[in-house]
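Accompanying notes for the structure given below.
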Amino acid sequence: MKIENHPNFVVLEDEKDDIIDFASFIESQVPSKYKGQNVVLNLLKYEDLELPQLLQFLKTSNLHRKTKQSFVIVNDAIDFDDVPFEMIVVPTLQEAGDIIEMEEIERDLGF
């Protein structure tokens, strides 16, 4: 897994080509190693990502967001209308950073 640290979030990217294995790995790593951090999953390399594959990250997304931290997935292949409202999926890393900034402002304001 590639890890890229930014001032207010960390970007995690799969170095292999197995999205299901990566989802399982993320599920075990995020709660312990990235507790208290905003997390961005870079899934841009998965150009044929389908909804069932994306849903493998739903549990981790829900658990991490309950801790009042952002969990954003970056992929431009998925139809955004199909994404469950509990998940945040954006097409670029820039937009992921913007979402995290907005969510931090909302948390600071008590939302």
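Okay, so the sequence shown: first residue is 1 according to UniProt numbering, each after it adds one. We put the CB at the ideal spot given by N, CA and C, even for glycine.
Taking every protein chain shown into account, the CB of Gly97 has 16 or more other CB atoms within 10 angstroms, so this residue is buried.
Rounded to whole angstroms, the gap between the alpha carbons of His6 and Val39 is 10 Å. Pairwise C-beta distances place the segment 52-66 in contact with the segment 18-25, as three or more of them are shorter than 8 Å.
In the three-state reduction of the DSSP assignment, Ile19 falls in the helix class. In this structure, Ile26 lies away from Leu43, with their beta-carbon atoms at least 8 Å apart.
Short of 6 Å from the beta carbon of Phe71, and not among the five residues preceding or following it, lie these beta carbons of its own chain, in chain order: Val39, Ser61, His64 and Arg65. Beta-bridge annotation (DSSP): Lys2 is paired with Glu13.
Nearest in C-alpha terms to Pro84, of all of Glu101, Glu15, Gln94 and Lys59, is Lys59. Listed as beta-bridge partners of Asn42 by DSSP are Glu13 and Val74.
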